[in-house]
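Residue numbers (the working numbering): 841 to 1093.
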């Protein structure tokens, strides 16, 4: 079976969702579905490193790739996330080439980067030989995604894309629209132009374009124009919207 990195390079459409609830039952329930990846949100959800180490157990034994959206482009947080066995990081607020280069420095061992050595759960407490992990993880398994969510990031997007180790550009539509001065106006010409810019630069630099979607129609629309890493809403949004629709239908008979 091809690796997730191979699937990124091959052009596959990779579908996932966001985990914000701090309970293993949520992750294990989602793991019974054919998702390609799950993002554990440490930026806006109340999840810390200890929570994450428990939650990630829910995808063990599946083909689902666990990715953490770290709360900030921070060396210590990124190091600890990788040490507990998370396969990828999604880093918010990457607005310049310097920001992007710091991401790569933080996820990489020397000489490329400055990640400290102490992978712990990532090597299953010593059951996996460290040298094997050292030689293979960054090349074959590590997924690096950066968020394009500000006007400044759009202005610097070619510089950001020139950092070769970036795998995914991920658009946060809410933040991006707010930064552009058009909150939640996803059909506004400014937002459409921003989407086109990200797609164009992603193609030019062989980076996978990704975006968060809130419903099926949005997901299909963005797949049709070239996005390949697609978030299908999130745990709390699906929970609420599904029950809201059921209540509306039952009470409206």
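Every residue, glycine too, gets a C-beta built ideally from N, C-alpha and C.
Since the structure is predicted, the reported quantities are computational estimates derived from the model, not experimental observations.
For residue i, which of the options has the nearest alpha-carbon?
i            : options                : result
residue 1000 : 1031, 942, 1021, 1025  : 942
residue 1078 : 1064, 1063, 1065, 1055 : 1055
residue 1067 : 1038, 986, 1076, 1049  : 1049
residue 948  : 967, 961, 976          : 976
residue 809  : 854, 864, 866, 865     : Past the boundaries of the shown model lies residue 809; the chain is included only from 841 to 1093, so the question cannot be answered.
residue 995  : 1043, 965, 1038, 1003  : 1038
residue 1033 : 1065, 1057, 1087       : 1065
residue 899  : 873, 973, 1084         : 873
residue 867  : 849, 897, 981, 973     : 897
residue 848  : 1061, 981, 865         : 981
residue 921  : 961, 968, 951          : 961
residue 1058 : 1027, 1036, 967, 841   : 1027
residue 1046 : 1091, 850, 841         : 850
residue 1061 : 1089, 1035, 865        : 1035
Given residue i, which residues of its chain have a CB within under 6 Å of its CB, disregarding the five upstream and five downstream residues?
i            : result
residue 993  : 935
residue 997  : 1041
residue 945  : 953, 954
residue 1008 : 985, 1048, 1050, 1069
residue 988  : 1009, 1011, 1038
With 16 as the cutoff for other CB atoms within 10 Å, does residue i come out buried or exposed?
i            : result
residue 844  : buried
residue 1021 : exposed
residue 1103 : Shown here, the chain extends from 841 to 1093; a query on residue 1103 therefore has no answer.
residue 903  : exposed
residue 1053 : buried
residue 1087 : exposed
residue 1075 : buried
residue 916  : exposed
residue 983  : buried
residue 1093 : exposed
residue 1006 : buried
residue 846  : exposed
Leaving out the 5 sequence neighbours to the left and right, which residues in its chain are closer than 8 Å to residue i when beta-carbon positions are compared?
i            : result
residue 990  : 933, 935, 1015, 1016, 1019
residue 1031 : 1013, 1016, 1017, 1020, 1022, 1025
residue 1081 : 1073
residue 970  : 957, 959, 963
residue 814  : Summary: the structure shown does not reach residue 814, with the chain confined to residues 841 through 1093, and so no result is reported for it.
residue 864  : 894, 895, 897, 898
residue 923  : 958, 959, 960, 961, 962
Just to confirm my understanding: we take residue i, look at its own chain, exclude 5 residues before and 5 after, and list those with CB closer than 7 Å. What are they?
i            : result
residue 918  : 910, 929, 946, 947
residue 1063 : 853, 1070
residue 1003 : 937, 940, 941, 944
residue 913  : 931, 933, 934, 939, 942, 943
residue 973  : 959, 962, 963
Complete runs of the beta strand (DSSP E) confined to the stretch 944 to 1019 [at least 3 residues]: 983 to 988, 1008 to 1011
Touch test, the stretch 926 to 935 against the stretch 996 to 1012, Cβ-Cβ under 8 Å, three pairs minimum: yes
The stretch 1066 to 1079 in contact with the stretch 851 to 865 per 3-pair CB rule at 8 Å: yes
Cβ contact check for the stretch 939 to 955 and the stretch 888 to 903: 3 or more pairs under 8 Å: no
contact_flag[the stretch 868 to 882, the stretch 906 to 914] where n(CB pairs < 8 Å) is 3 or more: yes
Ranges of the beta strand (DSSP E) found wholly within the stretch 890 to 940, counting only runs of at least 3: 905 to 909, 928 to 931
Contact between the stretch 910 to 929 and the stretch 967 to 983 (3+ Cβ pairs under 8 Å): yes
Continuous alpha helix (DSSP H) assignments of at least 4 residues falling wholly in the stretch 1031 to 1072: 1056 to 1064
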